[in-house]
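Residue 881 in our numbering sits at position 46 of the sequence shown, with consecutive numbering throughout.
Glycine is no exception: its CB is placed at the ideal position from the N, C-alpha and C atoms.
Take a look at the structure set out below.
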Amino acid sequence: MVVAALMLRGGEVFICQRRPDQPMALQWEFPGGKIEPGEGPEAALARELNEELGIEATIGPRVTHIRHNYRHGGAVDLQFFAVHTFQGEIQNRIFNETRWVKLEDLPNYDFLPADRGLIRDLAMGKLL
């Protein structure tokens, strides 16, 4: 199970680009990560945002839940949560690049396959 944040600021959302040395290199994604044993989704996401970006986030409601099967046989179970507020300055600790982008501009970025349906819905204003 993987959790990810839709960090929102006005009409923008925060996105992150994977490093060249990672699987699915240089593709864009939302910050987050795997739930550790004994951890709830919200606690896992708060921990991941602290580890990846150095912020203390207030985790909002779950926006959507996606199960994606990759062609090579792997599957991922993703839960996306809204994050409207956080304390601290964002520090890019693990990504190639990070940026705030307008929701309608999301389709211009090469996102991970599991995120692409969500990207279309966000760009069309369907979810938020």
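- Counterpart residues of residue 934 in DSSP-defined beta bridges: 850
- Task: Could you please give the first and the last residue of the uninterrupted beta strand (DSSP E) stretch that includes residue 885?
- Result: It is not in any beta strand (DSSP E) - residue 885 instead sits in the alpha helix (DSSP H) that spans 876-888.
- When DSSP builds the beta bridges, which residues end up paired with residue 840? 916
- Taking the alpha helix (DSSP H) that residue 867 falls in, what are its first and last residues? From DSSP, residue 867 is part of no alpha helix (DSSP H) but of the beta strand (DSSP E) over 867-869.
- Query: So, using beta-carbon positions, are residue 952 and residue 901 closer together than 9 Å?
  - Reply: yes
- Between which two residues does the beta strand (DSSP E) harbouring residue 892 extend? 891-893
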